[in-house]
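Report on the structure given below.
Numbering (our numbering), first residue to last: 11 to 186.
Structure representation (structure tokens):
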């Protein structure tokens, strides 16, 4: 076996071992995410006028790679607090524990935390994107039972109609 072949086999083996080790490791939320983030949540819906609600997300480190993830909404001076725990999970995932038996698996890829889940007949796609001192949250919904086929018949492509969208651009106001 030539030297070039040995080199590439070694490189391939090292790559596979590194990839497999990364998949089994639990992922923690980087420290840059920790702090208090505040701004305005905008809610678009096809049947209601645009809503604007003050919103705060507080991310505080706990133990064993877990963080408290507190979301505070303040519509009309009536505070609504949602306390969650974001915890590392095998396979490079993070799990949002709603502390009521509901756990949502997600992934942190690059600078964005992704969660996709279904509640009754509504699909939700939630993304939290960190860019410097700005945390942007986007949540979209759609009804998976209302699809429309498109394209050639062999492609089997169906489109989903956007139901609603929420977006908050939050600025870091303090660090832990």
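We put the CB at the ideal spot given by N, CA and C, even for glycine.
Give me the DSSP bridge partner(s) of residue 141. Here residue 141 corresponds to residue number 131 of the chain shown, with the count starting at 1. 144.
Three Cβ pairs or more, each shorter than 8 Å: is that satisfied between the segment 61 to 80 and the segment 38 to 49? yes
Would you say the segment 133 to 148 touches the segment 86 to 105, given that touching needs at least three Cβ pairs under 8 Å? no
Please go through the segment 53 to 139 and give each complete beta strand (DSSP E) segment of 3 or more residues, from N-terminal end onward. 58 to 71, 77 to 83, 90 to 99, 103 to 107, 113 to 119, 122 to 129
Could you spell out the range, first to last residue, of the beta strand (DSSP E) harbouring residue 178? Residue numbering aside, residue 178 sits at position 168 when the chain shown is read from its first letter. Start and end: 167 to 184.
In terms of DSSP beta bridges, what is residue 39 paired with? Taking the first residue of the chain shown as position 1, residue 39 is located at position 29. Residue 39 pairs with nothing; no bridge assigned.
For residue 108, tell me which candidate among 122, 81, 118 has the shortest Cα-Cα distance. The residue you call residue 108 lines up with position 98 of the chain shown. Taking only the C-alpha atoms, the option nearest residue 108 is 81.
Can you find the residues in the same chain that come closer than 7 Å, C-beta to C-beta, to residue 64, ignoring five residues on each side of it along the sequence? Counted from its first residue, the chain shown places residue 64 at position 54. Within the same chain, residue 64 has close Cβ partners 50, 84.
Rounded C-beta distance between residue 174 and residue 151? I'm assuming under 8 Å. As a position in the chain shown, residue 174 is number 164, starting the count at 1. As a position in the chain shown, residue 151 is number 141, starting the count at 1. Residue 174 to residue 151, Cβ: 5 Å. Contact.
Note down, in chain order, each residue of its chain lying with its Cβ closer than 7 Å to the Cβ of residue 19, except the 5 sequence neighbours on either side. Translated into the one-based positions of the chain shown, residue 19 becomes position 9. Residue placement at residue 19 is poorly supported in this model, since its pLDDT is 40, which falls under 50; the coordinates still yield a value, given next. Result list for residue 19: empty, nothing under 7 Å.
From 79, 61, 60, pick the residue whose C-alpha is nearest to that of residue 69; which is it? Working through the chain shown from its first residue, we reach residue 69 at position 59. Of 79, 61, 60, the residue nearest in Cα terms is 79.
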